[in-house]
Every structure is written in structure tokens, then in C-alpha cells.
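So the sequence shown is residues 9 to 408, counted in my numbering. Report on one structure; see the data block that follows.
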Amino acid sequence: MKRKIVIFAIFIILLILLAGCWNRREMNELAIAVGLGIDRQDDQYLVTVQIVNPGEIAAQKGGGRTTPVLIYQETGDTVMEAFRRLTTVAPRKIYTAHLRMVIIGEKLAEEGFGETLDLLSRSREMRTDYYIAVAKDLKAENVLKVLTSLEDIPANQLFSSLETSEKAWAPTASVTLDALIPDIVSKGKEASLTGIKIRGDVQKGETSENVKQIDAPTKLQYEGIAVFKNDRLIGWLDEDESKGLNYSLGKIKSTIVDITCPNEGKVGIEIIRTKADVKTKVKNGKLTGMIRVEAEGNIADVECRKAELTKTVTIHDFEKKGEEGIKEKIEAVINASQQKYKADIIGFGEALQRSNPVYWKKSEKEWNEKFPDIPIEIETDLKIRRIGTIIDPPLKEIKK
């Protein structure tokens, strides 16, 4: 009898634990945020959220009367205060678990945005698989207000476009919160983030007319990589410098290297994979940095008429010129990081800490002053694997 009572009691306890969803939230009670912008305005934080408009996004229910996303904004002394003030204008509780993009305004980035990362990393509701970018020459709110044509939800287009650009062209970098915070707090590497700008009229981009034309007058475009010292924006890398940074970090998945032909014209080599190694060496008390990049590629575009692709010497010449092209871009980013910004964005300090912790301990406090004077050696190795489905250019025999 006692055994039956114990089993019955356990059964009742299990029912209590399993019954119901005490903290459930219904979909019609939530406003799903897909984009978040944080700006600095009049000594306060300006928080902008891009919310999905479910009535327009739902399949076969969109009437075209309103936009597919809505924007809500509020200010506060802290980011969380601005978030809570959004309840005074938003009819539903804002749900941030589906964030795709977080945009930092340039002014805030210049002043330092480390404090704003506290909310993003502390919140249990937010996941960390969204990308972070910096608004270039404008506010984050302006970026989130631009309507896009190919994707109904602008934040989704920003997310996909950043991934595509990183994989196919490579002067951009998709950075998540988990990757950004270690770079900001590291003493041997500075952080970097992709920049985004608006091409065209900002105000026109906020209207539905922007997506009703075959060529939208206002577009969002990724451009350059922002260089930070600690959590403050100190400058921008151009396209070649940005590619050089990604080559150095081994982040190039695919891109194009243009080289000149022996006589005239150009050849495009499609890079299909890369591998990079950043090292430091201490010899006789002198510190040297080293970058070695190994790349593989295919012939993608031949515009010279006298290139004999069947000859080994021709391919070897293309490889050497391709190596020089990659090296030039790495030299460009090294010059920018050492002379222009004096910021170790490649991570030689971290490499030194791994290889020679004793020397790093002595150099750690003066690393920012010591880094610009370190000689850096560059080695590049390019192997061309394929020349394509044809040998000679189709118009080789045409006379000029």
C-alpha cells in the first residue's frame, strides 16, 4: 500500500512539472524584430528596430497597402531604457530572438560602442547568430529605413548579401557577436567590422516607390572594413586593403585576381580556396612578423589573344603574377595597419603570445607603440588547377 502511495505521489509531481507552458507567448502578442540599429543622439542612445509586418509577409495575404516591415524608434540614457520605451509606441512586445542584423551608427562607433554590447551579450532572449556592421557616413537608423526589392525584409537582404559578398568577392567580413567581443578585449588583436552605406537618396529609399522600379534609385551597399582600437572606430580600409586583410586572416573563400598578359589584355584567375598563417619570430632579441598565404585558383577569363594555355611556362607565369597581386593587397593592409592606423588588426600580438609568451609578457603593455616598427615578411603561393572548358579564346583569330 505504501509503495502505491509513493508511486502515485511521484506521478502527481511529474504531472505538475509537465503540465502547461507558464511563460508562453503567443505569436499574435509579439512583434518580431529582424534588424536593430543603435545610434548616439544628443548624449542618448537612439534605438531603431525593424519589425516584420506579418499581414504583408504572410503568403497570399499581402494586400500591398503597407510596407513589409515597420520601424519603431526611441531614445534613452541606456540601450535597455530605449528598448523599454519602445512599448509606448509599439502595440506588441518586441521579440529579438530572430535578429538578422545589428547596425552600429558611425558616430557611436567613433565614441566607443563597448557598453552597447553588454545588452546584446547579456540578454537571454537574443541569439548570437546575427551579423554586425557599421553604418558608413550615416546613422544606423537610415540603413534600416531603406526598403529593398529582391527581399521583402531588408534585414534578410543585408544578411544574405553580406554572406554572398564574403564568399564570392571577399572585401567584406561577416562578424557575429561571439567573434567580435574577443577581438575587442584582446590585447594582441584589434577588431574590424564591415561598413555599409546608402547609394542614392536616403529619403526616397524609405518610400515604397523605391521597390516599384526595375532599378531601385536607392540601394544598400557594403563598402570597406572599419578599423577599431579597443571599441572605437579610427578609420576605414579601402577595397584592396580589405581584401588584403581577409587574405591575411585566411578568410578568402573565393574572389578574382586580375593579371596582365605577356603582350596585352588581362587574365582573370578565380581563387577557389586559401589558407593563411600568421607567425612571429624572435631572433637575437629582434621581433619579425610573417604572413604566408597559400591559394588555389582556376583560369576564369582570358582577354589576351596570344596566351598559350597549354604550355607549362604560361601557367607558371600566371601563377607568379597572381602571387604578386595577392602580395600587393597584403602589403596595402599592412601599411594601413602599421603606418596609417597603428592598429594590429591582423593579430600579430596573438601570434606572439602563442609562440613566445615570455617575450609577449615583456611587450604587452607597449604593443601599440612597438607594433608599427615590426618588419613583416610576406610569402604567397598560388597554384592554378584548371584552365576551363576551352583552351584558346573563341575570338583569338579575329584581326584587330
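A virtual CB, placed ideally from N, CA and C, is assigned to each residue, including glycine. All values reported here derive from a predicted model rather than from experimental measurement.
Here Q58 is buried. Its C-beta has 16 or more other C-beta atoms within 10 Å. Within 10 angstroms of the beta-carbon of R48 lie 16 or more other beta-carbons, which makes it buried. Contact between E123 and L241 does not hold, since their C-beta atoms are separated by about 15 Å, which reaches or exceeds 8 Å. Counted as a single uninterrupted DSSP element, the stretch harbouring I399 is not any alpha helix (DSSP H), since DSSP gives it neither H nor E.
With a cut-off of 8 Å on Cβ pairs, the region 177-186 is in contact with the region 245-254, counting three or more such pairs. D352 sits close to G196, with the two beta carbons spaced by under 8 Å.
In the three-state reduction of the DSSP assignment, G213 falls in the helix class. Taking a 10 Å sphere around the C-beta of R132, we find fewer than 16 other C-beta atoms and assign the residue as exposed. Between L360 and T268 the beta-carbon gap is near 38 Å, outside 8 Å, which marks them as no contact. At least 8 Å separates the beta-carbon of L78 from that of E114. Straight-line measurement puts the Cα of K237 at about 16 Å from the Cα of I112.
Annotation for W368: no beta strand (DSSP E) segment contains it, though the alpha helix (DSSP H) segment containing it runs P365 to S371. Excluding five sequence positions before and after L152, the CB atoms of its chain that fall closer than 6 Å to its own CB belong to G43, G45, T56 and Q58, given in chain order. Judged by beta-carbon spacing, E385 lies beyond the 8 Å limit of T282, meaning their Cβ atoms are not closer than that value. In the DSSP assignment, A141 falls within the beta strand (DSSP E) that extends over Y139 to A143. In chain order, V87 and M88 place their CB closer than 6 Å to the CB of L127, counting only its own chain and leaving out the 5 sequence neighbours on each side. DSSP places Q347 outside any alpha helix (DSSP H), giving it a letter other than H or E. Residues T322 of the same chain have their beta carbon placed closer than 6 Å to that of E316, with the five preceding and five following residues left out of the count. In this structure, R393 and E304 form a Cβ contact; the two beta carbons are roughly 6 Å apart against a cut-off of 8 Å. With 16 or more other CB atoms across the displayed protein chains lying within 10 angstroms of its CB, A90 is buried.
DSSP places T184 outside any alpha helix (DSSP H), giving it a letter other than H or E. With respect to E387, R300 sits close: the two C-beta atoms are nearer than 8 Å. Take the alpha-carbon of N150 and the one of S262: they are about 31 Å apart.
By the neighbour-count criterion, in which 16 or more other beta carbons inside 10 Å mark a residue as buried, R108 falls on the buried side. If you draw a 10 Å sphere on the C-beta of E174, you find 16 or more other C-beta atoms in it, and that means buried. Boundaries of the beta strand (DSSP E) around M298: K294 to V310. In this structure, F121 is the residue among N61, F19, K370 and F121 with its C-alpha nearest to the C-alpha of L54.
Linking Y367 to F379 through their CA atoms gives a straight-line distance of about 13 Å.
Distances from the alpha-carbon of T397 to those of T320, I307 and I140 put I307 closest. With respect to the C-alpha of W375, the residue from K350, I20, E64 and K391 having the closest C-alpha is K350.
A residue is called buried once 16 or more other Cβ atoms fall within 10 Å of its Cβ, and A17, having fewer, is exposed. The residue from Y139, T226, S345 and V290 with its alpha-carbon nearest to that of P365 is V290.
One alpha carbon belongs to H106, the other to K370, and they sit about 45 Å apart. Annotation for S194: E358 place their beta carbon closer than 7 Å to its own, counting only its chain and skipping 5 residues before and after.
In this structure, I233 places its C-beta atom within 8 Å of the C-beta atom of S200.
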